[in-house]
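Numbers 24 to 329, taken from my numbering, label the letters of the sequence shown in order. Input: a single structure, listed below in structure tokens.
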Amino acid sequence: MRGNKRLWIIALMMVLALVAAACGDDEEDGDTGDDTGGETEETYEAPEGTPMAEWQEEGSVTIGVKFDVPPFGFENPQSGEVEGFDVDMGNYIADRLGVEPEFIEAISDNRIPFLEDGTADLILSTMTITTDRDAEIDFSRPYYVAQGRILVPEGSDIAGIEDLGQGTSVCTAIGSTYEATLTDQAPDAQLDLVDGYSECFELLQNGSVDAVSTDDVILTGMVIQDESLQLVGDPLTTEPYGVGVAEGETEAADFLSETVEMSFDDGTWDEMYEEWVGQHTGEDPQHPSELTLEDAYELFPCDETC
Ligand code: GLU
């Protein structure tokens, strides 16, 4: 399992390297910034007694990200570092604080427990803001809006959620919003729940499941690695991502919302989008600068599906 995972990550890195080479290297233009897609200008002065002051005192902030979800959070086998859109947003936040980011793996199912028990200070792990989750932790304003989709192999008879009926199987991650979405929208399909999306990818490739369902950006990462896979059907859900902090850390949530907004305003978000999403999808950056946290609750209503 581990060996396979390594292989597909290596394959992905090769594709990314080729695309980067084809697009030229922006950093030769004299920009000495790191890979975060930009740097915040001034170190933030944290009010005393806030989580931000604590992180500054420690000199580091622990950030839970995915390790197997290109292009949002994945391990680069050459450097051993984690990379991706969520990682860059984490770097940007740490940079504003003037501290070192320490990235740890947070799968879908342990994101909230990690904040509750202090394993992570922040979660940046493709996490949708929902009212149910917001009852357990606090969120920043939305920094990205994904959509729920279905991924199938070439030649599949499944053309959308309506085809996930009796006798079909679909994979998603335990603890993701898709546990409820698929139970609700494809009640007759067999639901294969796994810890990480790389497992869904392997199960789809070896024919053990008929489809994978999760956010479009995660599925796009799988298509980059295997172009015979395809996204089908209409979007199932709208998934606004927020940065998570422990429940009651309101000042930290406000700081994070402000930092996310800075990334919209100073062009960093657009650079991150182009590097991790736009160059693969050909779509223009559209940061969710109009969306508030309250709007996010409307985008992913919890009445029936949480
Ligand atoms: N965005 C969805 C969620 O937070 C699915 C992606 C994931 O499992 O990380 O549940």
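Where is the CB? At the ideal position from N, CA and C, for every residue including glycine.
Measure the C-alpha to C-alpha separation of Q309 and V168 and round it to an integer number of angstroms. 9 angstroms
What's the C-alpha gap between L214 and V232? 9 angstroms
Of the residues R164, P93, G121 and S102, which one's Cα is nearest the Cα of E77? G121
Tell me which same chain residues have a C-beta within less than 7 angstroms of the C-beta of T315, skipping the five on either side of it? R164
For ligand 1, I want to know if A143 counts as a neighbour, meaning its beta carbon is within less than 7 angstroms of at least one of the ligand's heavy atoms. no
Which value, in whole angstroms, describes the spacing of the CA atoms of A203 and D238? 14 angstroms
Here's the rule I'm using: 16 or more other beta-carbon atoms within 10 Å means buried, otherwise exposed. How should S251 be labelled? exposed
Per DSSP, the bridge partner or partners of P176: L252
Does A182 pass the burial test, meaning 16 or more other C-beta atoms within 10 Å, or should it be called exposed? exposed
Is T191 close to ligand 1? I mean its beta-carbon at under 7 angstroms from any heavy atom of the ligand. no
The stretch 251 to 263 / the stretch 171 to 179 touching (three or more Cβ pairs under 8 angstroms): yes
For S179 and L205, which I take to be in contact (beta-carbon distance under 8 angstroms), what is that distance rounded to the nearest angstrom? About 17 angstroms; that fails the 8 angstroms criterion.
If I'm right that L147 touches G113 with Cβ under 8 angstroms, what's the distance once you round it to whole angstroms? 5 angstroms
Can you tell me the Cα-Cα spacing of F95 and I197, whole angstroms? 18 angstroms
Please indicate yes or no: does the CB of T273 lie closer than 7 angstroms to some heavy atom of ligand 1? no
Please indicate yes or no: does the CB of M295 lie closer than 7 angstroms to some heavy atom of ligand 1? no
Answer yes or no: the CB of S102 versus the heavy atoms of ligand 3, is any distance below 7 angstroms? Ligands displayed in this structure: ligand 1; ligand 3 is not among them.
Suppose you measure from the CA of M285 to the CA of H303; what does that come to, to the nearest Å? 25 angstroms
Any heavy atom of ligand 1 inside 7 angstroms of the beta-carbon of A169? yes
Taking all protein chains shown into account, decide if P324 is buried (16 or more other Cβ within 10 angstroms of its Cβ) or exposed. exposed
Under the three-state reduction of DSSP, which class applies to E80: helix, strand or coil? helix
Express the C-alpha separation of Q101 and E294 in angstroms, rounding to a whole number. 23 angstroms
Close-in-space but distant-in-sequence residues of the same chain around S336 (CB under 7 angstroms, 5 per side omitted): Limits of the chain in this structure are 24 at one end and 329 at the other, which puts residue 336 out of reach.
Cβ of E262 versus every heavy atom of ligand 1: is any distance shorter than 7 angstroms? yes
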